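The next block holds one structure in the form of structure tokens; read it before the comments.
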Amino acid sequence: MAPPWQQVISLFCRPGQTSILEKFRSPVTRASFPPRRPHRLAKATLAPRTFAFCHTFGLTVWIALAEDRGWALIGSGLLLLLWPAVAYGHATVANDSKRAEFRNLSLDSLLFGLWCSVLDFYVLATVTIGLACLMNNMVTGGLRRMAVSMALFAGGALGWSLLTGFDFRPYASTGIDIYQGTGAVVYLLALAYVMYQQNRKIGRSIVEIKFQNRVFHALLELGVAANRASNIHTLLDESLKHLHADFPEYGFAVFLQERQRPEVTRYAAVAGLRLGAEDERRLGGLLAKLQERTENTIKLREKTDGEQLYATSMAGRLSLYDGWLIVRAPRLDAPLERMLSLFVDQLAAATENKLLQLALKETAERDGLTGLYNRGFFESALQLSIQGKAQTPSLEFAVLMMDVDGLKVVNDRYGHVAGDQLITTVAERLQVHCRASDILARYGGDEFVVLFPSADITAVNRLAKLIRTHIEGQRCTITTASGEQLALELRLSLGGASSCETAAQEVLSLADERMYDDKTQRRKQRAVYG
Ligand SMILES: Nc1nc2c(ncn2[C@@H]2O[C@H](COP(=O)(O)OP(=O)(O)OP(=O)(O)O)[C@@H](O)[C@H]2O)c(=O)[nH]1
Numbered sequence: 283m284a285p286p287w288q289q290v291i292s293l294f295c296r297p298g299q300t301s302i303l304e305k306f307r308s309p310v311t312r313a314s315f316p317p318r319r320p321h322r323l324a325k326a327t328l329a330p331r332t333f334a335f336c337h338t339f340g341l342t343v344w345i346a347l348a349e350d351r352g353w354a355l356i357g358s359g360l361l362l363l364l365w366p367a368v369a370y371g372h373a374t375v376a377n378d379s380k381r382a383e384f385r386n387l388s389l390d391s392l393l394f395g396l397w398c399s400v401l402d403f404y405v406l407a408t409v410t411i412g413l414a415c416l417m418n419n420m421v422t423g424g425l426r427r428m429a430v431s432m433a434l435f436a437g438g439a440l441g442w443s444l445l446t447g448f449d450f451r452p453y454a455s456t457g458i459d460i461y462q463g464t465g466a467v468v469y470l471l472a473l474a475y476v477m478y479q480q481n482r483k484i485g486r487s488i489v490e491i492k493f494q495n496r497v498f499h500a501l502l503e504l505g506v507a508a509n510r511a512s513n514i515h516t517l518l519d520e521s522l523k524h525l526h527a528d529f530p531e532y533g534f535a536v537f538l539q540e541r542q543r544p545e546v547t548r549y550a551a552v553a554g555l556r557l558g559a560e561d562e563r564r565l566g567g568l569l570a571k572l573q574e575r576t577e578n579t580i581k582l583r584e585k586t587d588g589e590q591l592y593a594t595s596m597a598g599r600l601s602l603y604d605g606w607l608i609v610r611a612p613r614l615d616a617p618l619e620r621m622l623s624l625f626v627d628q629l630a631a632a633t634e635n636k637l638l639q640l641a642l643k644e645t646a647e648r649d650g651l652t653g654l655y656n657r658g659f660f661e662s663a664l665q666l667s668i669q670g671k672a673q674t675p676s677l678e679f680a681v682l683m684m685d686v687d688g689l690k691v692v693n694d695r696y697g698h699v700a701g702d703q704l705i706t707t708v709a710e711r712l713q714v715h716c717r718a719s720d721i722l723a724r725y726g727g728d729e730f731v732v733l734f735p736s737a738d739i740t741a742v743n744r745l746a747k748l749i750r751t752h753i754e755g756q757r758c759t760i761t762t763a764s765g766e767q768l769a770l771e772l773r774l775s776l777g778g779a780s781s782c783e784t785a786a787q788e789v790l791s792l793a794d795e796r797m798y799d800d801k802t803q804r805r806k807q808r809a810v811y812g
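283 is the number of the first residue of the sequence shown in my numbering; add one for each residue after it.
Shown next as structure tokens:
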């Protein structure tokens with residue numbers, strides 16, 4: 283059985299409702315003790331409420347002394363002094379602090395109504411206190427709350443009159459009138475000041491929210507730009523363009539410098555800053571000297587367009603580069619610094635991802651020795667051409683196969699290093715004669731292939747002629763592993779075919795056959811001519 287004091291408390295609780303004591307003992311309440319923060323409304327009303335109740339207590343004391351009504355009135359008036367603290371505590375510990383404060387405002391009206399009755403409806407006090415209650419509720423909760431407040435004020439006054447009998451004393455004394463009038467004016471001014479402070483706070487919050495929205499938008503745009511960009515230059519250019527569109531009052535630049543050689547700026551982008559090539563070089567040099575600095579944002583010595591330049595470091599967030607975001611701003615304030623640090627984080631992550639993505643793409647598409655497309659990429663491109671021909675029969679494509687003659691001999695005589703150099707030399711020279719639309723790939727060992735995605739056999743003949751004129755029989759110098767210099771003659775066997783001559787799937791094998799025919803013929807010729 284619960285101790286008697288607990289039974290008394292439980293009398294005030296509805297069945298199933300948790301008593302205040304239980305709330306305090308529950309682990310949840312203990313975990314959140316000391317109490318939560320009161321709602322800003324509770325904080326804002328604390329001072330005016332304290333003033334109003336203290337002032338009413340003063341009025342009570344004055345009337346009690348002036349009319350010799352004894353200490354009973356003053357003693358009960360002491361409750362008025364306690365109420366502001368109780369109300370504030372209530373709003374502080376409540377789960378829903380705002381609702382609790384609204385309840386406090388209602389109780390204010392009820393208490394004041396009752397007290398006006400205690401003071402026998404002294405007219406000036408009843409009017410000013412009643413008006414103050416109505417205004418307070420109107421300001422915080424609109425017409426509905428004001429109506430509730432009016433009802434509670436009237437209810438408090440009538441209720442007390444019914445309990446203790448109705449007395450009416452329209453006037454006390456001039457001194458008390460002056461005291462009450464002055465109190466009412468001070469209260470109104472205090473209320474107006476609180477409202478002004480609240481408005482200022484709201485104004486500041488709106489400005490901050492707008493700024494945060496711009497930051498959020500810039501970060502979203504950065505994500506989109508990062509997805510779309512095909513290389514680092516585009517990524518940086520687009521990101522800065524969007525950032526400048528969101529923050530036109532600032533100018534931006536970004537520098538990525540090589541980690542090992544900070545004086546080398548690998549990528550730079552500018553938006554909303556007038557930086558010539560010379561300025562960029564000078565700024566790059568300045569940033570290279572700042573590598574050791576650890577602060578987030580540094581004020582630079584440089585100024586542009588009459589405004590100060592600041593640099594925010596990407597500080598170790600890129601594996602190969604050191605990055606800097608430069609901003610031109612009249613001054614560096616806390617929101618700008620926060621925005622820079624957020625943007626730099628995202629930009630560094632997007633750049634690093636893009637670098638990784640490009641490296642992976644490079645590995646997947648390119649041949650490691652020559653840097654040309656590899657066989658996998660060529661075969662995907664050939665499949666696309668075959669599909670294109672199936673969908674649009676008038677769309678032709680062609681293939682030229684090439685094989686370096688005599689690589690085995692070079693390997694056997696001078697080693698694989700020399701053989702590798704022969705392969706890369708052929709690749710470089712072939713690249714010179716290919717057009718941007720031609721897909722030149724290393725097909726395997728010493729075999730190369732060119733796909734002409736929308737051309738016929740004339741493209742093959744054109745390139746074959748260029749190879750025969752400018753590569754065939756040309757000499758190249760190769761250094762062996764032992765440091766010996768060799769002069770080798772380049773020789774290539776060629777075979778071309780196009781989709782006008784055979785079925786699309788057969789083009790590559792036809793080109794291959796023709797290349798072997800060419801190789802056989804050239805072998806015979808070499809045998810004949812020695
Ligand atoms: N150095 C080097 N050699 C390679 C590479 N890939 C393949 N090879 C060699 O290239 C040679 C290609 O063989 P073949 O085409 O029969 O040699 P070839 O001397 O060019 O003969 P023909 O084409 O008949 O003139 C082989 O000896 C392979 O080992 C490579 O990446 N580097």
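Glycine is no exception: its CB is placed at the ideal position from the N, C-alpha and C atoms.
Note that the coordinates shown come from a computational prediction; the quantities given were computed from them, not determined experimentally.
Hey, how far is the Cα of I491 from the Cα of T579?
If you take the alpha carbons of I491 and T579, they lie about 23 Å apart.
How big is the Cα-Cα spacing for G658 and I668?
Those two C-alpha atoms are separated by around 15 Å.
What does V536 pair with, by DSSP beta-bridge criteria?
The partner list for V536 (beta bridge, DSSP) reads A551, L607.
Grab the span of the alpha helix (DSSP H) containing A641 for me, first residue to last.
Here the alpha helix (DSSP H) through A641 covers 616 to 647.
State the Cα-Cα distance for the pair T346 and G359, rounded to the nearest angstrom.
For clarity, residue 346 is Ala in the given sequence; the question names Thr instead. Rounded to whole angstroms, A346 to G359 spans 10 Å at the Cα level.
Between T338, R351, A376, which has its C-alpha nearest L363's C-alpha?
Ranking T338, R351, A376 by Cα distance to L363 puts T338 first.
Here's a check: name, in chain order, each residue in its chain whose Cβ is nearer than 6 Å to the Cβ of S391, leaving out the five neighbours to either side.
Closer than 6 Å at Cβ, skipping near neighbours: C415, S431, L434, F435.
Note the first and the last residue of the continuous beta strand (DSSP E) segment covering F730.
Looking at the DSSP string, the run of the beta strand (DSSP E) that includes F730 is 729 to 734.
Does the separation of the CB atoms of T594 and L622 fall below 9 Å?
For T594 and L622, yes; Cβs fall inside 9 Å.
Can you give the beta carbon distance from D604 to Q539, rounded, assuming they're within the 8 Å contact cut?
Indeed they touch by this definition, with Cβ atoms about 5 Å apart.
Output needed for A700: all residues of its chain with C-beta closer than 7 Å, excluding positions within five of it in sequence on either side, in chain order.
Result list for A700: V692, I760, T762, L768, in chain order.
Answer yes or no: the CB of I705 versus the heavy atoms of ligand 3, is any distance below 8 Å?
Summarising the ligand content, the structure contains ligand 1 and does not contain ligand 3.
Could you please give the first and the last residue of the uninterrupted beta strand (DSSP E) stretch that includes M684?
Where M684 is concerned, the enclosing beta strand (DSSP E) stretches over 680 to 686.
Per DSSP, G777 is paired with what?
In DSSP, G777 forms a bridge with M683.
Anyone know if the C-beta pair for V732 and L712 falls short of 9 Å?
In this structure, L712 lies closer than 9 Å to V732 by Cβ.
Where do the N-terminal and C-terminal ends of the alpha helix (DSSP H) with E503 fall, by residue?
Its alpha helix (DSSP H) spans residues 456 to 510.
Quick one, are the C-beta atoms of G340 and Y461 less than 9 Å apart?
A contact, by the Cβ cut-off of 9 Å.
Taking the alpha helix (DSSP H) that I668 belongs to, which residues open and close that run?
657 to 673 is the extent of the alpha helix (DSSP H) around I668.
When DSSP labels each residue in this structure, what does L568 get in the three-state scheme?
Note: L568 maps to helix in three-state DSSP.
Opposite C758 in the DSSP bridges: which residues?
Paired residue(s): L770.
What residues in its chain sit with their C-beta under 7 Å from that of F562, if we drop five residues either side in the sequence?
Reading the sequence as shown, one finds Glu at residue 562 and not Phe. The residues are A550.
Flag this pair as yes or no: are the beta carbons of R796 and G777 separated by less than 9 Å?
Yes, they are a contact pair.
Compare the C-alpha of A632 against each of R599, L654, T652 and name the closest.
Nearest option by C-alpha distance: R599.
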